[in-house]
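First residue of the sequence shown? That's 284 in the working numbering, and the numbers climb one at a time after it.
Each residue gets a CB set at the ideal place from its N, CA and C atoms; glycine is no exception.
What follows is one structure encoded as structure tokens, with my remarks underneath.
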Amino acid sequence: MAGETEGGVRSVVRALDLLDLYDERNQRYTTRELVELTGLAKTTVLRLVGTLEQRGLLWTGPDGRVGAGPGLLRWARLAHAIWQVPETIRAIMRELTVETSETVNLYVRADTVRVCVAQEEGPQRLRHVVNTGEEMPLWGGAASKVLLVGVPTSVVRRVAAASPQGPRYADRLLTEIDEARTRGFAVSHGERENGASGVAAPVYGAQGATPVAALAVGGPTARFTDAAVRVFGGAVSEAAERIGRIGFEPASQNTASDEKEKR
């Protein structure tokens, strides 16, 4: 029974990894490309594609290329209904974009990754843009340090273990998280992507101990001078506090897992 369960979970993970290959830039693949990208046997890929097609999550066109299926529309509507950011919060994000002239993002934590749930693009031609819905690892970036404030140390160590530096990065990461908690905002330069910088502040919910979201401004490192960072830090912190007063309470997907890790 245990073997069957493990095999079933492995199949689910493989199916999800297959779906994760698709985005706005990569909308369709040949079977050969899917085999190369996943590293799986062709028979396994064909079986996964067939199962996902039956559920409407993938669709094979007349040319044999595989793309997103119509069944994903239902999931997209559901996600939009749950995660749609209120206009009052959007207005604050737009004001912050005008004040800083940089792109503004709102992130939430999903275990050991962060996900962008809303964005307001900056007015400058050269800017750093993250797609809404995109997942990023929590080991790098200002928003990550903010989102890790108050989480169990065991979670931080799992995040560090997945970083390029490995488990030894945990101590440094814990120090940077504590600095973000004390200062009220976090700063990063080129941690996840060379030439990109960010300043992020926590958005707290009713509980107040752990941020429910991170509000961040991001852009080219050349524009994030020490003077600019000081201005951005104050502006982002103020905007995050305003959002907290309005109330942004996304689905508490981390609560149960965090409580288990504390015990």
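- Apart from sequence neighbours up to five positions away, the residues of its chain that approach glutamate 385 with a beta-carbon distance below 6 Å are Gly405, Val500 and Gly502, ordered along the chain.
- Under the three-pair Cβ rule at 8 Å, the segment 291-298 counts as touching the segment 329-338.
- Annotation for leucine 304: Leu320 place their beta carbon closer than 6 Å to its own, counting only its chain and skipping 5 residues before and after.
- Collapsing the DSSP output to three states places threonine 343 in a strand.
- With contacts defined by Cβ atoms closer than 9 Å, threonine 313 and arginine 348 form a contacting pair.
- For leucine 323, there is no enclosing beta strand (DSSP E), as DSSP marks it with neither H nor E.
- In the structure shown, leucine 409 falls within a coil segment according to DSSP collapsed to helix, strand and coil.
- The straight-line gap separating the alpha-carbon atoms of tryptophan 366 and glutamate 418 is approximately 15 Å.
- No Cβ-Cβ contact shorter than 9 Å links leucine 431 with alanine 496.
- Between the alpha carbons of asparagine 309 and valine 318 lies a distance of about 15 Å.
- Per DSSP, the continuous alpha helix (DSSP H) segment holding leucine 379 begins and ends at 370-383.
- For glutamine 448, the closest alpha carbon among the candidates Thr436, Gly467, Glu474 and Ser437 is that of Glu474.
- Burial state of tryptophan 358 is exposed, judged by a 10 Å Cβ sphere holding fewer than 16 other Cβ atoms.
- Taken through DSSP and simplified to helix, strand or coil, glycine 488 comes out as coil.
- If the five residues before and after alanine 479 are omitted, its C-beta is found closer than 6 Å to the C-beta atoms of His411, all from its own chain and listed in chain order.
- From the listed residues Ala523, Leu361 and Val391, the smallest Cα separation to arginine 377 is found for Ala523.
- Fully contained in the segment 388-457 are the following beta strand (DSSP E) runs of length 3 or more, in chain order: 396-403 and 418-420.
- Taking the CA atoms as reference points, arginine 451 sits about 25 Å from glycine 467.
- Residues Glu474 and Arg475 of the same chain have their beta carbon placed closer than 6 Å to that of glycine 423, with the five preceding and five following residues left out of the count.
- Excluding the 5 residues flanking it on each side, valine 413 has same chain C-beta neighbours closer than 7 Å at Asn388, Cys399 and Gln402, in chain order.
- Here the C-alpha atom of threonine 508 lies approximately 50 Å from the C-alpha atom of glutamate 336.
- Each of His472, Leu498 and Thr493 was checked against the Cα of arginine 464, and the nearest Cα belongs to Thr493.
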